[in-house]
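One structure is given here, and the rest of the page talks about it.
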Amino acid sequence: MPPEPVLSLAFAIVAGLVLGGSVAAVSCRNRVHAGLFLAVALVGLALVFLRMGAEFLGFIQILVYVGAVAVLIVFAILLTRGSDSAHERRSNAPGIGIGLAVLLWGVLAWGILHRSPGAIATPSPPPSMAVRDLGERLLREELLPLQTVGLLLTAALIGAALIALPEPGISPRPSGSHGSAGTETPPSSPT
Amino acid sequence: MDAPDQIFVLLKHAVVSWFPTPVQPWISAVLSIGAILAVYPMIFALTTVIERKALGRIQNRPGPNRVGPAGFLQFAADGIKSLTKEDIVPRAADSVVHFLAPLVVVVPPLLALAVLPVGRNMVALDLPETGLLFFLMVGTAVELGVFMAGWSSHNKYSLLGAMRAIAQLLSYELPLLLSTVSVVMLTGSLSLNAIIGHQSEVHAGVLLGWNVFTPWGAAGAVLFFIAALAEANRSPFDLPEAESEIVAGYFTEYSGFKFALFFLGEYLGLFAVSGLGITLFLGGWLPPLTVLSWVPSWLWFFGKLAVLMGIFIWLRGTLPRLRMDQLMRFAWQFLLPMSLINLLVAALWQYSTPWPHLLRWLPAAILFGIPYLLYHRAFLRQHPPRTYRYAS
Amino acid sequence: MLGGGILHGLAVTAKNFVGSFTDPERLVTLGYPEERAPAKENARQFPFLVFDGADPQAGLRCVACQICEKECPPQCILIVKSKTKKPDHLGKPQFFPATFDIDLSVCMSCQICVEVCPFDAIKMDQEFELATNDRFEGLLRHRDQLARPNAHFQKLHPTDAAAIDARRAEELAKAAAAATAAAAAPRKPAPESPPAA
Amino acid sequence: MSAATLHLLLAAAMFCIGLAGALCRRNAILVLIGIELMLNAANLNFLTFWKYGPQPQPLDGPVFVLFSVAIAAAEAAVGLALIIAIHRRYRTTQLEEISRLRG
Amino acid sequence: MNPAAAPRTFEVRPSPDAADPVHDGSLLEVSLGPQHPSTHGVFRMDVVLDGETVVKLKPVFGYLHRNHEKIAENTSYLGSMPYTDRLDYFCSLTSNWAYALTVERLAGLQVPERAEYLRVITAELTRLQNHAAVCGFLLQDMGALGTPLMYAFRERERILDLFESLTGARMMCNYMRFGGCRCDTPPGWLEQARSVVTGFGAFLDEFEALLSSNEILLGRTQGIGILPRELAINAGISGPMARASGVAYDIRKVDRYGIYDQFEFRVPLGDHGDVFDRYMIRALEMRESLRILGAALQRIPAGPVIDPKAKLRGFRPKPGESYGRIESPKGELGFYLISDGGPNPWRYRIRPPSFINLTILEDLCLGRSVADAVVILGSVDIVLGEVDR
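Chains as they are written, first to last, in the working numbering: chain L, 1 to 191; chain F, 192 to 583; chain W, 584 to 780; chain Z, 781 to 883; chain Y, 884 to 1272.
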């Protein structure tokens, strides 16, 4: 791969996608639009990953975040629709939150701009990420964390199903308590 | 011998070599994309006609037979009709989302089709590391489009349809993914070409090693295609668009060309997921027997696709629809455990390589047979055979 | 076994799929405008008026008795009796309809007008392709449009028509016999011919 | 400015947008959206350091991201389940209206 | 700008009653119909849904109200006959029969034996085609894409062909007359009918092979829309619906009108009263109808088809009242007539089985999903012509 220019057009586009999507996601008054913009931001982030050569992670990012998390979020918005007016009321003091965030970004940016050249001086050969290596790594060195994550996901699956189950009433909802073999579940399973 | 097999590859090379070197990758990409954009919608058009004719024959009627020879130009009439129809956007609809939804539904299946190898050396986008993952990732994006369509229409039927669709797609994604995992486990690669290559070893002199000829492959294929039917909203899992209940589901409020796009997207999704099933379990473009290898590889792929479509049409003409809770129960209580068992069977198959062949099938038979019997008993308990008495 | 019912169903549809190519008993559909089901003699669509001979005016059997107008359940018939009389097939002077309108958009093809007509003057046609762009005039049939020759009736309902024709011929013969008898006894006034029943 | 700096700035911006959303919004689901953005910013940071940083271990970043994605999925599932359960009881998803813990 | 041309805006009005769950958005109120693919005509169900579960259901009908009863009181006795065709337009011959039976009781007319046989034959053929079509529609509502319906219609076409050659019309037969039938069979009709009846048995076998053991169908219909026996009796449910709930009530057996006492047939009864039982009861009744038809086509005597005393015109029954009822394919179809000696009935009243069977729709659907509601409605077997009159 030829060395890429620092600020390419492609990067500008995907960064714009990420930032625009994020800003819209947190500022949209319409909650469903906010959820959809979150999906846009996450797709943008996946594109950033792809540009960095992390193909596998980029696809996982879309698979999990767009395919599952964003869909779940809009689904939850649908299920909880109409409880309040279609548009959410504004916070009393949005300024505080925004100010805090801007301040934080200023600090972070200052830190990055002043510290990073020293820290990241060595332009090493771009690392490659073979999926096979990743798998080897996960199943040999990181086996315990992997199992833990599997357990966590299983627990989350069952827990989510139990929490979301209605109190004994008329409407039977599908329970998801049958996928109980966590170790075989790949960590990317969208639940 | 290779000429008919490689005709499209050679043709593409010939065309590309006309151009100067710097633009050659671009020309190659354009040609591949153009081929996908031309071939699959064409198959879609033919499929709609054949499906309607076949359904007609199943129902003892001739089906469309007016436009063109034996009605085969019906798709053109339908296309013109949908293009010239008024595009109605409900006033209460969220017009931007309403406009984008059909695009979000159509584009992902097209992307997914790009990574499918349709013949020897014939794949538009070869991802040696992550081909399968790309496919699955692209498939999930459809959910968002469906949601957008259902929500933006501001129609209760659309909303119900979208909620059904999302619940269904999310639940069936899991068995779909898990049944592909067994193939990945045994192939050791996410590359679709490698998966096909892995199936090309010859058994008993004539039979090729399609995954479907192994216990885990057969079960995986069945599970995969059941989940695929659900992912593609095909009967008997067509609840999101159940016309007898919620009119047309999430695309109730679409008309004209946008409606046609939904239709197209649905069929492209069906092709894509069937193509994946062919690649994973049915040997991709490989022939079943070595003596048949003179038939061009791409013919095998599209032939298999046609056979699968025929089966899907047949199922559609026969089966009533499930109910929502049954659909979910089927996914979580049958498909998911079975696909987990299938993973186990695949692992056993892998580690029992030195055993004699029949003995290798034994654990699979036991592991699938016992749950099957249990399900059978549970079903009989729920639905015991009924007898009817007569008034005296 | 679980799944067996579905396989049974698949077998049935497969049988029907093949059967629709091989077994004409299964593929019952007709390609309508080109192919038509054979007309059934009893079939009825909308009424028409029968006339004898060549002239629809002179031969019209209707005597404007207005029974059908009265009996018609949806009241779709309008008859205006003529001021003058014209001879019927027996030569007897009868009124005739100056106006005889049937609004086919109201008519419900019940055939009661045919049943109650004592003169066999109104019968059911089998034409059904009456679609028109004109909602009001288009389906309002006037006397001259309604008049059809007896041959038409004979073609549509041969059994019925043969019986009626025979009866009418008999009446005619009886009337002719009465006329010759009357001619033989010129002094006496001509006897009334029996009413056509 | 290097590519690493750019990516880090992007991640920082994303994080701060998420933070602002989580702080300002009053709807539970929208707060969750903000949190998701913050998590993703962290993922981007991991990958940036993996790609452009010194590499003691070749796959540290991706492994971290993988685990983080898995945990984020679990978090989203549980969080949304909680929100739906709360909504079922209180008929609202506005955070300040959910003021009691006992139903 | 012209104010009329200004775009109308739709705004969400504040709810009139904040406590009403429909307005606070947790429940969804859907109006299924009157233009909905599976409400079997212009019928509407106002459904309140929690998710997909029906928590309230209000049947709304009257879209096809034609003022039939009042029109009949202003029309001659004969003139109402074609209108009875349009009550239950799937089964015009049984409606004819019920009306003719009532008028015959009013006027004391005798029906010749051949006419009685013809009535039994046409009524049982009607039952066959109605039950076949209903089973087909039920499965259509379940999403079987019309395949069973098309098979049912294939057979129904053959029966309708018989009707056409006998009565002149396929659906609006207008065949019965007071004191008999309008006309005798055309030559060859009885043989044709025999062959149709023979073929129908094969169709039934095929139909049951296609569906009766289908796991999806069992799952969709068993235990759904259970109508308890007591409710069926209390609500006045009749026909296959009542029999599926175990109520042994078949007017052919109870009243023995016509010549049904000369035929041997059984009345199938269900024990569960769910959708599957209603479907199976209809399937079994078709088999019993085939038995009746076989016997009737064998034994039909020669003779006149109408009472010679019956007058077509100037029909004025003596003052009095009468109630006639028959077992129509949908249930107990009754006509109540009061004559004041005039040419028109003074009072004319119908007891429509579809309408009365429909009254318990909400009881059957509550707590089930929309999909079930549609299937339950299909299993009730309504024809809106009869419901709305």
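Even glycine gets a Cβ: it sits at the ideal position worked out from N, Cα and C. All values reported here derive from a predicted model rather than from experimental measurement.
### Task
Please state whether DSSP places residue 1008 (chain Y) in a helix, a strand or coil.
helix
### Helix, strand or coil at residue 696 (chain W) according to DSSP, with G and I counted as helix
helix
### Query
Using the C-alpha atoms, what's the distance from residue 373 (chain F) back to residue 604 (chain W)?
42 Å
#### Entry: Within 7 Å, strictly: CB atoms of residue 433 (chain F) and residue 924 (chain Y)
no
### Query
Between the region 381–392 of chain F and the region 422–441 of chain F, do three or more beta carbon pairs fall short of 8 Å?
no
### Task
Taking C-beta pairs closer than 7 Å, name the residues in chain L that residue 338 (chain F) reaches, listed in chain order.
71, 74
### Query
Secondary structure at residue 1147 (chain Y), three-state DSSP: helix, strand or coil?
coil
### Task
May I have the straight-line CA-CA distance separating residue 1199 (chain Y) from residue 1134 (chain Y), to the nearest angstrom?
28 Å
#### Entry: Cβ-based neighbour list, residue 1119 (chain Y), same chain, cut-off 6 Å, excluding 5 preceding and 5 following
1239
### Task
Using the DSSP secondary-structure output, state which residues sit across from residue 1204 (chain Y) in a beta bridge.
Y:1221
### Query
Any C-beta of chain W sitting closer than 7 Å to the C-beta of residue 1097 (chain Y)?
yes
### Message
Starting from residue 164 (chain L), trace the alpha helix (DSSP H) in both directions and tell me its first and last residue.
### Response
143–164
### Query
If residue 62 (chain L) and residue 32 (chain L) are in contact, beta carbons under 8 Å, what's the gap, nearest whole angstrom?
That belief does not hold up - the Cβ atoms of residue 62 (chain L) and residue 32 (chain L) are roughly 20 Å apart, past 8 Å.
### Query
Going by beta carbon distance, what residues of the same chain come within less than 8 Å of residue 1069 (chain Y), once the five residues before and after it are set aside?
1048, 1049
### Task
Would you identify the three-state DSSP class for residue 394 (chain F), choosing helix, strand or coil?
strand
### Contacts of residue 596 (chain W) in chain F (Cβ-Cβ under 7 Å)
249, 505, 508, 509
### Task
Please state whether DSSP places residue 708 (chain W) in a helix, a strand or coil.
coil
#### Entry: Residues in the region 798–813 of chain Z having any Cβ partner in chain L nearer than 9 Å
798, 799, 800, 801, 802, 803, 804, 805, 806, 807, 808, 809, 810, 812, 813
### Task
With distances taken Cα to Cα, identify the nearest neighbour of residue 712 (chain W) among W:721, W:588, W:735.
W:721
### Query
Are the beta-carbon atoms of residue 417 (chain F) and residue 304 (chain F) separated by less than 7 Å?
no
### Message
Please determine whether the Cβ atom of residue 726 (chain W) lies at a distance below 6 Å from any heavy atom of the ligand ATP.
### Response
Among the components modelled here there is no ligand, and therefore nothing to report on the ligand ATP.
### Where residue 584 (chain F) falls: helix, strand or coil (DSSP)
Chain F is shown from 192 up to 583; residue 584 (chain F) falls before or after that span and cannot be answered.
### Query
Do residue 321 (chain F) and residue 56 (chain L) come within 7 Å of each other at the CB atom, strictly closer than that value?
yes
### Query
Buried or exposed: residue 1021 (chain Y), going by 16 or more other Cβ atoms within 10 Å of its Cβ?
buried
#### Entry: 7 Å Cβ cutoff met for residue 1209 (chain Y) and residue 981 (chain Y)
yes
### Task
Pick out whichever of Y:1170, Y:1085, Y:1211, Y:1012 has its Cα sitting closest to the Cα of residue 1233 (chain Y).
Y:1211
### Query
Count the other CB atoms within 10 Å of the CB of residue 1090 (chain Y); is the residue buried (16 or more) or exposed (fewer)?
buried
### Query
How would you label residue 332 (chain F), buried or exposed, when you count the other beta carbons within 10 angstroms and need 16 or more for buried?
buried
### Message
Starting from residue 963 (chain Y), trace the beta strand (DSSP E) in both directions and tell me its first and last residue.
### Response
Unbroken run through residue 963 (chain Y) is the alpha helix (DSSP H), 960–968; no beta strand (DSSP E).
### Task
Starting from the Cα of residue 313 (chain F), find the closest Cα among F:511, F:571, F:487, F:407 and give me that residue.
F:487
### Query
Using the beta-carbon of each residue, which ones in chain F are nearer than 7 Å to residue 609 (chain W)?
251
### Any C-beta of chain Y under 7 Å from that of residue 313 (chain F)
no
#### Entry: Span of the beta strand (DSSP E) around residue 738 (chain W)
From DSSP, residue 738 (chain W) is part of no beta strand (DSSP E) but of the alpha helix (DSSP H) over 733–739.
### Query
Going by alpha carbons, who is nearest to residue 718 (chain W) out of W:612, W:688, W:736?
W:688
### Query
Per the contact definition of three or more C-beta pairs closer than 8 Å, is the region 1083–1102 of chain Y in contact with the region 1113–1129 of chain Y?
no
### Query
So, does the CB of residue 407 (chain F) fall closer than 7 Å to a CB anywhere in chain L?
no
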